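Counting from 9, one number per residue, gives the positions in the sequence shown under this note's numbering.
Here the structure is laid out as structure tokens; the discussion comes afterwards.
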Amino acid sequence: MGTALAEMTMPQISPLNGEPIERADAERLAGVLKALADPARLRLLSLIQSAPEGEACVCDLTAPLGLSQPTVSHHLRILTEAGLLQREKRGVWAYYSLVPSAIATIADLLTPPRKRATKKAR
């Protein structure tokens, strides 16, 4: 579900590619960047990525962040709705993992075309 959402929400054209970005694409990209523009959410992505299995549940994330369970759940929901995380329910627990394609798409969209060509040529 997270991957499909990420593909739907990510614009296909970079704002740095030399052509004006369409309003709808700009709004979609801004929504994803807004989800990232919070220190707690950036830490959540980092904590989940560095977890031993590449996934974590809310119970694993509250103490490192120093935030309450409802607050952490709120941040996880925003990241999931932005297509950056996927959620898997197991019994009473929900486990979150990164959507690698979404992170790669954002990086690609924000890398100027010349730098992208240099990076791929290496």
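All residues carry an ideal CB built from backbone N, CA and C; glycine is no exception.
Note that this is a predicted model, so its numbers are computed, not measured.
What residue does the alpha helix (DSSP H) around residue i start on, and which one ends it?
{"i": "A71", "result": "V66 to L73"}
{"i": "V80", "result": "Q77 to E89"}
{"i": "T113", "result": "P108 to L117"}
{"i": "A45", "result": "Neither: A45 is in no alpha helix (DSSP H) and is coded neither H nor E."}
Give me the residue from the options with the minimum Cα distance to residue i.
{"i": "L44", "options": "V100, L84, Y103 and W101", "result": "L84"}
{"i": "D46", "options": "T113, Q94 and I86", "result": "I86"}
{"i": "R95", "options": "P121, G62 and R31", "result": "G62"}
Rounding to the nearest angstrom, what Cα-Cα distance links residue i and residue j in this structure?
{"i": "T70", "j": "T88", "result": "17 angstroms"}
{"i": "K97", "j": "Y103", "result": "6 angstroms"}
{"i": "Q77", "j": "D68", "result": "10 angstroms"}
{"i": "L37", "j": "P60", "result": "30 angstroms"}
{"i": "P72", "j": "Q57", "result": "14 angstroms"}
{"i": "V40", "j": "E27", "result": "20 angstroms"}
{"i": "K42", "j": "A90", "result": "9 angstroms"}
{"i": "G10", "j": "S109", "result": "Here G10 scores only 39 on pLDDT, less than 50, and its place in the model is too uncertain to base an answer on."}
{"i": "T113", "j": "R31", "result": "18 angstroms"}
From the DSSP secondary-structure annotation, give me the bridge partner or partners of residue i.
{"i": "E27", "result": "None; E27 has no bridge partner."}
{"i": "A7", "result": "Since the first residue of the chain shown is 9 and the last is 130, residue 7 is not available in this structure."}
{"i": "E63", "result": "S105"}
Hey, residue i and residue j: beta-carbon distance below 9 angstroms or not?
{"i": "L53", "j": "L106", "result": "yes"}
{"i": "L55", "j": "A64", "result": "yes"}
{"i": "V66", "j": "V80", "result": "yes"}
{"i": "L75", "j": "A48", "result": "yes"}
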